[in-house]
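Asker: Right, I'll just put the structure down here and ask away after.
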Amino acid sequence: MRPNRACPPASAAVEVKQPRHCFNAPQERVKYKGVGTQYHWGSHHWKLTTWNKVHIIKAVYEFGVSVIHSDTDVVWFSDPLPFFQQQLRAGPGGGSGARSSSGRAAGSGPAAPAPAGGAAGASDDAAATAADAVGSQGFAAAVTGSDGSSSGGWWAVPPHVMVATDSVSTLNRRGDSGLEDSPQPYTPINTGIYFLRQWSGGAALLDEWLSWQERDVGHDQDGFNTLARGFFFRRDPDLRLPLFPDAHARRMVFTTPGGAAARVGGGAAAAAAAAAAAAAAAAAAAAAAAGVGEDPAAGDNEDEWAAPRTFRAAYSNGTVISFLPASMFANTYTYVNARLWEKLDHPLYAVHWVWGGKSLESKRQDMRDAMKFHDEPDYYTSPHLVTFDLDLLLMPTAFNSWFSTEHMIRFHVTAANHQLQQAYYAFAIALITNRTLVMPRFQCYCSKNWYQTEQCRVNFETRTRFPFTCALSHVLRVKKLQAGFRLPDNTEYSGHRVLIREYSFLDNPKVPDRLKKSFVEIVPSQMPRAASLAADALVVSVEPAPRGYGQRVTVAAPLSDRELRQVVGRFKNVRVLHFPQPARTLSGFSTYATGEQYDVEIQKHVAYWCCRAPGDMRSLNLPERVQLVALPPERYSNLPQLATAAAAADPQSGAHTSASSTSSTTAAATTTTTTTSTGPGSSGYLHEAPPLPPRAAGGRPWCDAVMARHVAAAGGRLSEGRLGELLMCIGDAGGGG
Numbered sequence: 001m002r003p004n005r006a007c008p009p010a011s012a013a014v015e016v017k018q019p020r021h022c023f024n025a026p027q028e029r030v031k032y033k034g035v036g037t038q039y040h041w042g043s044h045h046w047k048l049t050t051w052n053k054v055h056i057i058k059a060v061y062e063f064g065v066s067v068i069h070s071d072t073d074v075v076w077f078s079d080p081l082p083f084f085q086q087q088l089r090a091g092p093g094g095g096s097g098a099r100s101s102s103g104r105a106a107g108s109g110p111a112a113p114a115p116a117g118g119a120a121g122a123s124d125d126a127a128a129t130a131a132d133a134v135g136s137q138g139f140a141a142a143v144t145g146s147d148g149s150s151s152g153g154w155w156a157v158p159p160h161v162m163v164a165t166d167s168v169s170t171l172n173r174r175g176d177s178g179l180e181d182s183p184q185p186y187t188p189i190n191t192g193i194y195f196l197r198q199w200s201g202g203a204a205l206l207d208e209w210l211s212w213q214e215r216d217v218g219h220d221q222d223g224f225n226t227l228a229r230g231f232f233f234r235r236d237p238d239l240r241l242p243l244f245p246d247a248h249a250r251r252m253v254f255t256t257p258g259g260a261a262a263r264v265g266g267g268a269a270a271a272a273a274a275a276a277a278a279a280a281a282a283a284a285a286a287a288a289a290a291g292v293g294e295d296p297a298a299g300d301n302e303d304e305w306a307a308p309r310t311f312r313a314a315y316s317n318g319t320v321i322s323f324l325p326a327s328m329f330a331n332t333y334t335y336v337n338a339r340l341w342e343k344l345d346h347p348l349y350a351v352h353w354v355w356g357g358k359s360l361e362s363k364r365q366d367m368r369d370a371m372k373f374h375d376e377p378d379y380y381t382s383p384h385l386v387t388f389d390l391d392l393l394l395m396p397t398a399f400n401s402w403f404s405t406e407h408m409i410r411f412h413v414t415a416a417n418h419q420l421q422q423a424y425y426a427f428a429i430a431l432i433t434n435r436t437l438v439m440p441r442f443q444c445y446c447s448k449n450w451y452q453t454e455q456c457r458v459n460f461e462t463r464t465r466f467p468f469t470c471a472l473s474h475v476l477r478v479k480k481l482q483a484g485f486r487l488p489d490n491t492e493y494s495g496h497r498v499l500i501r502e503y504s505f506l507d508n509p510k511v512p513d514r515l516k517k518s519f520v521e522i523v524p525s526q527m528p529r530a531a532s533l534a535a536d537a538l539v540v541s542v543e544p545a546p547r548g549y550g551q552r553v554t555v556a557a558p559l560s561d562r563e564l565r566q567v568v569g570r571f572k573n574v575r576v577l578h579f580p581q582p583a584r585t586l587s588g589f590s591t592y593a594t595g596e597q598y599d600v601e602i603q604k605h606v607a608y609w610c611c612r613a614p615g616d617m618r619s620l621n622l623p624e625r626v627q628l629v630a631l632p633p634e635r636y637s638n639l640p641q642l643a644t645a646a647a648a649a650d651p652q653s654g655a656h657t658s659a660s661s662t663s664s665t666t667a668a669a670t671t672t673t674t675t676t677s678t679g680p681g682s683s684g685y686l687h688e689a690p691p692l693p694p695r696a697a698g699g700r701p702w703c704d705a706v707m708a709r710h711v712a713a714a715g716g717r718l719s720e721g722r723l724g725e726l727l728m729c730i731g732d733a734g735g736g737g
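full-length UniProt numbering puts the first residue of the sequence shown at 1, with every later residue one more than the last.
What follows is the structure, encoded as structure tokens:
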């Protein structure tokens, strides 16, 4: 393999950065060269293709460089090289490199430009060399304090591999911008992002990783999880155990009065802890006397126990591994839902667009929302737009601390339907005017996933606060929308197609100001209107828009589709038509058949929420999913019948696609009768669900029902699996909401 100076435009970064060297994939190193009829996640063709990445990385690694690897669905927000270099200099043991003595995040200054390529220069400094020496001498080498306690060891050396995970939370506290604190063997590794430094055992590590390809463990990521975590990956007793530091490796880290950080291990830790506790108590008393409120970062101070941040791989015991925190090397969940980097004051380096919509189109939409997807200039300059505002339901008091997941789900679906029913009219306006529709910032009050949520969060994480701005795949079927919304074979709107733009579109500096300021706001009059009006009478007034540019046009609302065309025809050259209240501005379609067809087609583009816990599905006789609804309540008779669990279990559907039956071309004869089903893939409408007991103060009616249900199901004995729900229920003092 030879450097190729004429780098092909494989990505926007390559085009912009124009690196001096790049590499063509050496075909002689690519093991699998087959083709598959379907390339999708989990397919045989996909699994074998993923291993080719490791073969290519090994070929690059042989040039003597350290390597930063990222999948093509990773977006870099800032340059990670300073972060990686800091970890190699300082070492991750005991949290060094995580904080400065003042408690501010280390390395959290202004973001540098993203790296142009995937390979970083070699950085084998003295610390790295020492790490190799420790690794070559086994695990016995350690530095022992004067009191006999261990204050250093193999866990305190710089890692050979820093790799991302599939975590939706982090143990790092506010301002702790180091490697993941206290790595756990149960944490699933995601090889979409990793740093592999150049070291003497690196080639052997890659050979060990590639050896698992022949053992049919799955794709490349499964191979690395097996190599690193061994038994803990799939609980296979025949696999080896990784080496993790035990509890005795923890050290007390506290700040002295002079501001310097000190670390004490073993017997000295107790005295240090007592001194730190006394100082903290005195400070708290002084603050209380002065009337100072509680520090919002309480618990995130410097005086804390610091744990090692490395472990040794099960099948490469000389390899030291650290995890990259999900706050700084994020996934879709930690970036969109939890927004961890904001809450914890961590620098954001990258987002791997997993834990979101499964389709390629959903990932691209998320990137566009973040203004991180490269589109051609015409994407930003050509469209004539429709924008609209959303009216939001008031979130119940203490909603974020509710324990009843089912009550939270029902409010989320109610709120989502309320927003979608406004989008119903906005899509109709865009179809009638044949314009591109800018998505609003839909608000979510419950996370969507492909398996159960608890308290509307995934894997019991607690950082997510509601509402958050939804990924579009939470509420709409992005893949279908990317093809354009239309009414097939409709003669009235033949050739009309609604394309969409992301909610951040008009905030993007790539959109020219002349487009943004070519603006007309169309608002409904508060006065009642006559049934039949001439075209000139449809416009009540025209005045300057409050935003300082453009016009505000008040119309005799509600307008039929034909009347709307007459009004908008006066502004056909205006680039942005804004509708603050689309549901009050448009009444609907004048032609009955068009209205019926519109109902069928718009509902095909609506997503479902997922997923309820299996226990709740059984005990409450509820389906796994709740189908969201864009149709206004008075048009519910046009909703399609939902598929049963067996029919809905479509392995190709992805995490965020609708399970609605959409075979009918008209809705005139369609009923809303849904077969009751509680299996995987089953769907239901919220308005057909049985009512729940109200959330009274303290949650007692709900708790009584939960207790009776689970005791009865257990034959008089409380099932261990539901004890947690009962305890949470008893503690649910959030009030009725």
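Backbone N, C-alpha and C fix where the C-beta goes; we use that ideal spot for every residue, glycine too.
1) Mark Glu28 as exposed unless 16 or more other C-beta atoms lie within 10 angstroms of its C-beta, in which case mark it buried.
2) So for Gly94, helix, strand or coil by DSSP?
3) In the DSSP assignment, what are the bridge partners of Gln581?
4) Given Val336, which residues of its chain have a CB within under 6 Å of its CB, disregarding the five upstream and five downstream residues?
5) Pair every Cβ in the region 447–460 with every Cβ in the region 522–531, then say whether three or more of these pairs are closer than 8 Å.
6) Please confirm if Gly175 has its CB atom under 9 Å from at least one CB of chain D.
7) Tell me which same chain residues have a C-beta within less than 7 Å of the C-beta of Glu214, skipping the five on either side of it?
8) Who pairs with Phe468 in a beta bridge, going by DSSP?
9) Does the Cβ-Cβ distance between Arg435 and Val475 come in under 9 Å?
10) Using the C-alpha atoms, what's the distance from Arg197 back to Val161?
11) Distance check for Ala416 and Arg700, CA to CA, integer angstroms please.
12) Measure how close the beta-carbons of Trp353 and Met371 come, nearest whole angstrom, since I'm counting them as under 8 Å.
13) Taking contact to mean 3 or more Cβ pairs, one atom from each stretch, closer than 8 Å, check whether the region 610–622 and the region 392–411 are in contact.
14) Mapping the DSSP letters down to three states, classify Val568 as helix, strand or coil.
15) In angstroms, rounded to a whole number, what distance separates the CA positions of Asp513 and Asp391?
16) Considering only residues of the region 304–345, which uninterrupted alpha helix (DSSP H) runs meet the minimum length of 4 residues and lie entirely inside it, listed in chain order?
17) With C-beta atoms as the reference, is Asp599 less than 9 Å away from Leu631?
18) Quick check on the DSSP output: what are the complete alpha helix (DSSP H) runs of length 4 or more inside the UniProt domain "Nucleotide-diphospho-sugar transferase" (25–85), in order along the chain?
19) Out of Pro623, Pro582, Val163 and Ala430, which one is the CA nearest neighbour of Thr191?
20) Please classify Gly299 as buried or exposed, where buried requires at least 16 neighbouring CB atoms within 10 angstroms.
21) With three or more beta-carbon pairs closer than 8 Å as the criterion, would you say the region 332–351 touches the region 201–221?
22) List in chain order: all unbroken alpha helix (DSSP H) runs of 4+ residues lying wholly within the region 496–580.
23) Using C-beta distances below 6 Å, list every residue in its chain close to Ser96, excluding the 5 sequence neighbours before and after it, in chain order.
24) Given this structure, state the Cα-to-Cα distance separating Ala330 from Asp222, to the nearest angstrom.
25) Within a Cβ cutoff of 6 Å, which residues of the same chain sit near Glu361, ignoring the five residues on either side of it in sequence?
26) Exposed or buried, which one is Tyr549 when buried takes at least 16 other CB atoms within 10 Å?
27) My guess is that Val576 and Val553 are in contact by the Cβ rule of under 8 Å, so how many angstroms apart are they, rounded?
28) Here's a check: name, in chain order, each residue in its chain whose Cβ is nearer than 6 Å to the Cβ of Glu543, leaving out the five neighbours to either side.
29) Once DSSP output is grouped into helix, strand and coil, what is the label at Ala350?
30) Distance check for Phe427 and His605, CA to CA, integer angstroms please.
31) Below 8 Å on the Cβ atoms is my guess for Phe232 versus Tyr186; work out the distance and round it to an integer in Å.
Answerer: Let me lay it out:
1) Looking at its Cβ environment, which holds fewer than 16 other Cβ atoms inside 10 Å, Glu28 is exposed.
2) Per-residue confidence for Gly94 stands at a pLDDT of 42, beneath the threshold of 50, marking its modelled position as unreliable; the derived number appears in the next sentence. Per DSSP, reduced to three states, the secondary structure at Gly94 is helical.
3) Note: Gln581 sits in no beta bridge, so no partner.
4) The residues are Ala471.
5) The region 447–460 is not in contact with the region 522–531.
6) In the structure shown, chain D cannot be found, because there is only a single protein chain.
7) Taking Glu214 as the centre and dropping the five residues before and after it, the same chain places no C-beta closer than 7 Å to its C-beta.
8) Phe468 pairs with Cys444.
9) Result no, Cβ atoms of Arg435 and Val475 do not sit closer than 9 Å.
10) Each residue's alpha carbon lies about 7 Å from the other.
11) Unreliable placement is indicated for Arg700, whose pLDDT of 46 sits below 50; the coordinate value is still reported in the next sentence. Computed Cα separation, rounded: 27 Å.
12) Actually they are not in contact, since the Cβ atoms of Trp353 and Met371 sit about 14 Å apart, beyond 8 Å.
13) As far as the Cβ criterion goes, the region 610–622 touches the region 392–411, which means the pair count is three or higher.
14) DSSP, reduced to helix, strand and coil, places Val568 within a helical segment of the structure shown.
15) Distance between the alpha carbons of Asp513 and Asp391: 27 Å.
16) Fully enclosed alpha helix (DSSP H) runs of 4 or longer: 340–343.
17) With contacts defined by Cβ atoms closer than 9 Å, Asp599 and Leu631 form a contacting pair.
18) Runs of alpha helix (DSSP H) with 4 or more residues, each lying fully within the UniProt domain "Nucleotide-diphospho-sugar transferase" (25–85), are found at 44–61, listed in chain order.
19) Among Pro623, Pro582, Val163 and Ala430, the Cα nearest to that of Thr191 belongs to Val163.
20) Reliability of the predicted coordinates at Gly299 is poor, the pLDDT of 45 falling under 50, and the value obtained from them is presented with this limitation in mind. With fewer than 16 neighbouring CB atoms inside 10 Å of its own CB, Gly299 falls in the exposed class.
21) No, the region 332–351 does not touch the region 201–221.
22) Fully enclosed alpha helix (DSSP H) runs of 4 or longer: 513–516 and 561–568.
23) At Ser96, the pLDDT of 41 sits below 50, so the modelled position is not reliable; the number obtained from the coordinates is stated separately. Cβ-Cβ distances below 6 Å link Ser96 to Ala90 in the same chain, with the five nearest sequence neighbours on each side left out; the list follows chain order.
24) Each residue's Cα considered, the two are about 20 Å apart.
25) Same-chain partners within the cutoff: Val478, Lys479 and Gln482.
26) Note on Tyr549: under 16 other CB atoms within 10 angstroms of its CB, so exposed under the neighbour-count rule.
27) Actually they are not in contact, since the Cβ atoms of Val576 and Val553 sit about 13 Å apart, beyond 8 Å.
28) The answer, listed in chain order, is Arg552.
29) When DSSP states are grouped into helix, strand and coil, Ala350 belongs to the strand group.
30) Straight-line spacing of the CA atoms in His605 and Phe427 works out to 11 Å.
31) Rounded, the Cβ-Cβ distance is 6 Å, consistent with contact.
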